[in-house]
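Participant: Numbering (our numbering), first residue to last: 99 to 160.
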């Protein structure tokens, strides 16, 4: 059974990535954007202060 994603997790993910260096259209919580973030966002934002929290949340949402 797949875990249900809470609105709180989705909102928090969007807040974390809002200030990151990723394309604007990728800053939403759509499944394809979360997967994109896991592949590319972490590389583009290795030194961002919220990268670890965003990656953990993205893995939960993916």
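In this text, a Cβ means the ideal position worked out from N, Cα and C, and glycines have one as well.
Excluding the 5 residues flanking residue 125 on each side, which residues of the same chain have their C-beta closer than 7 Å to its C-beta?
Facilitator: Numbered from its first residue, the chain shown carries residue 125 at position 27. Excluding five sequence positions before and after residue 125, the CB atoms of its chain that fall closer than 7 Å to its own CB belong to 112, 115 and 116, given in chain order.
Participant: So, under 8 Å CB-CB, residue 138 and residue 118 are touching, yes? Tell me the CB distance rounded to an integer number of Å.
Facilitator: Position 40 of the chain shown, counted from the start, is the residue given in the question as residue 138. Position 20 of the chain shown, counted from the start, is the residue given in the question as residue 118. The pair is not a contact, with the Cβ atoms about 11 Å apart (cut-off 8 Å).
Participant: Contact check, residue 160 vs residue 133 under 8 Å by CB: the rounded distance?
Facilitator: Counted from its first residue, the chain shown places residue 160 at position 62. Counted from its first residue, the chain shown places residue 133 at position 35. So it is a contact: roughly 6 Å between Cβ atoms.
Participant: When the Cα of residue 135 is compared with those of 105, 147 and 155, which residue comes out closest?
Facilitator: One-based indexing of the chain shown puts residue 135 at position 37. Residue 155 is the option with its Cα nearest to residue 135.
Participant: Does residue 154 come out as helix, strand or coil in the three-state DSSP assignment?
Facilitator: Within the chain shown, the letter at position 56 stands for residue 154. DSSP places residue 154 in helix when its eight states are reduced to three.
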